[in-house]
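Report on one structure; see the data block that follows.
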Amino acid sequence: NKFDIYEVVTQKIIDRLEEGVVPWQMPWRTTSGMPRNLVTNRNYNGINFWMLLCNPFPTPFYMTFEQAKALNGNIRKGEKSTMVVFWKLLESVEKNGDIKKTPFLRYYNVFNLSQTEGIDLTKVPPTEAFDHDFNSIGAAEAIIHNWKACPKIVHGESHAYYSPVTDTVGMPDPRTFFHDEQYYSTLYHEAIHCCGHKSRLGRHEKIKDHQFGSQDYSQEELCAEMGAAYLCGITGIEQETIQNNAAYIKSWIRTFNDDPKVLVMAAAQAQKSVDFILGNRQEQEP
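Taking the working numbering, the leading residue of the sequence shown gets 13, the next gets one more, and so forth.
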């Protein structure tokens with residue numbers, strides 16, 4: 013059913029947005045390469061690219077159930093497939109004898125290589141893991157390094173996040189970002205989020221509605237983006253990052269046209285978080 017396929021595809025992207033991941037705004041490369049079919053070695057394009065890129069698998073290779081069998085492998089029990097869509101032309105004959113071709117959407121299911129077993133991994137093509145050598149920026153690095161209340165930062169994750177449950181910041185490998193400045197902008201975004209923890213400013217305990225798209229959720233996201241922009245400006249890397257942040261903030265601003273107080277509150281919370289980070293500085297070693 014054409015409508016159902018559209019609905020499923022849309023819901024998959026919405027699900028990722030609700031998890032705080034905006035697929036088309038990730039300023040880092042995947043550590044394993046672009047999603048592609050293991051057998052044909054062809055890259056997936058269009059919406060398939062984004063849907064597969066959302067998956068936190070360590071390898072970019074996908075295959076159908078039958079392709080896995082042909083490689084003497086099988087899908088591990090309990091593994092869930094990912095839907096891939098494609099256009100197919102339906103031909104019909106008009107009254108005047110002309111052939112009419114109508115495109116309609118079809119789908120099939122694929123599995124990631126890491127979801128399989130029995131496949132000879134020595135025949136899997138190598139992938140280019142990283143985009144460039146990462147060069148730390150002194151002033152930007154110092155803000156996090158000198159912050160006494162800084163939570164644990166775990167690198168090597170598939171996406172950036174802050175977990176209030178474990179009070180941990182997860183970050184992709186620094187070398188996977190397209191630019192070094194984007195690494196710090198993303199890290200600052202998560203750092204502002206973690207300032208809301210009960211052991212710091214306690215902002216999260218006052219949030220009543222954590223649902224994606226709610227006023228409280230959007231205000232927290234605005235706070236994080238504004239705070240990241242502030243810190244980027246302080247460290248002198250605003251030229252590389254503020255434009256992207258401004259575009260992201262603008263998308264949230266449209267939600268609050270009827271209540272300008274929310275924007276003022278988000279900016280105030282962002283400033284308070286920045287002051288908190290800069291005010292908790294460790295003494296430099298002599």
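Ideal Cβ positions, reconstructed from N, Cα and C, are used throughout, including at glycine. No experiment lies behind these values; they were computed from the predicted model shown.
Among the residues of its own chain, which have a CB less than 7 Å from the CB of P163, if the five just before and after it don't count?
Within the same chain, P163 has close Cβ partners D179, T180, V181 and C206.
Is the distance from the Cβ of S285 to the Cβ of C235 below 8 Å?
Cβ atoms of S285 and C235: closer than 8 Å.
My understanding is that L125 touches L50, with C-beta atoms under 8 Å, so please give their C-beta distance in whole angstroms.
Yes, they are in contact, since the Cβ atoms of L125 and L50 sit about 6 Å apart, within 8 Å.
Got a sec: is the Cβ-Cβ distance from L83 to anything in chain C below 8 Å?
Looking at the structure shown, chain C is missing, and only one protein chain is on hand.
Quick check on the DSSP output: the beta strand (DSSP E) that includes K100 runs from which residue to which?
Taken as a continuous stretch (DSSP letters only), the beta strand (DSSP E) holding K100 covers T94 to V105.
For P68, collect the residues of the same chain with a Cβ closer than 6 Å to its Cβ; drop the 5 residues on either side in sequence, then sort them by chain order.
For P68, same chain residues with a beta-carbon under 6 Å away, outside a window of 5 residues either side, are S170 in chain order.
What number of angstroms, rounded off, separates the C-alpha of E106 from the C-alpha of P115?
Taking the straight line from one Cα to the other gives about 16 Å.
Own chain partners of F123 with C-beta closer than 8 Å, once the 5 adjacent residues on each side are dropped
Excluding positions up to five away in sequence, the list reads Y74, M75, T76, F77, A80, I87, E91, S93 and T94.
Under the assumption that Y200 contacts G239 (Cβ atoms under 8 Å), give the Cβ distance between them as a whole number of angstroms.
Confirmed, Cβ separation roughly 7 Å.
Check this for me: beta carbons of A161 and R212, under 8 Å apart or not?
In this structure, R212 lies closer than 8 Å to A161 by Cβ.
Comparing alpha-carbon positions, which option in T52, P47 and A241 lies nearest I59?
The shortest C-alpha separation from I59 is found at P47.
Whole-angstrom distance between S104 and P70, CA atom to CA atom:
One C-alpha to the other measures close to 44 Å.
Measure the alpha-carbon distance for P72 versus I249 and round it to whole angstroms.
Rounded to whole angstroms, P72 and I249 show a C-alpha spacing of 32 Å.
Looking at C-alpha atoms only, which residue of V136, E193 and I111 is the closest neighbour of N147?
Closest by alpha carbon: E193.
Check whether the Cβ atoms of D63 and K24 sit closer than 8 Å, and answer yes or no.
Position check: residue 63 holds Met in this sequence, whereas Asp was assumed. Contact check for M63 against K24 passes: the beta carbons are separated by less than 8 Å.
Alpha carbon to alpha carbon, how far is T387 from A278?
Since the displayed the chain opens at 13 and closes at 298, residue 387 lies outside it and no answer follows.
Under the three-state reduction of DSSP, which class applies to I332: helix, strand or coil?
Because the chain in this structure spans residues 13 to 298, residue 332 falls outside the shown range and cannot be described.
From the DSSP output, which residues share a beta bridge with L125?
DSSP output for L125 lists no bridge partner at all.
Just the Cα atoms here: how many angstroms apart are I204 and N55?
Whole-angstrom Cα-Cα distance: 36 Å.
Beta-carbon separation (whole angstroms), T247 vs A152, contact threshold 8 Å
About 4 Å separates the beta carbons of T247 and A152, which is inside the 8 Å limit, making them a contact pair.
Looking at the unbroken alpha helix (DSSP H) that takes in S197, where does it start and where does it end?
Following the DSSP letters along the chain, one finds S197 inside the alpha helix (DSSP H) bounded by residues D192 to C206.
Rounding to the nearest angstrom, what Cα-Cα distance links H216 and G85 in this structure?
Cα-Cα distance, rounded: 47 Å.
Please check the pair M183 and H167, which I expect to be a contact at CB under 8 Å, by giving their CB distance rounded to whole angstroms.
Their Cβ separation, rounded to whole angstroms, is 5 Å, which keeps M183 and H167 in contact under 8 Å.
Just checking my contact of Y242 with A282 at CB under 8 Å: how many whole Å lie between their CB atoms?
Right, the Cβ-Cβ distance comes to about 6 Å (below 8 Å), so this counts as a contact.
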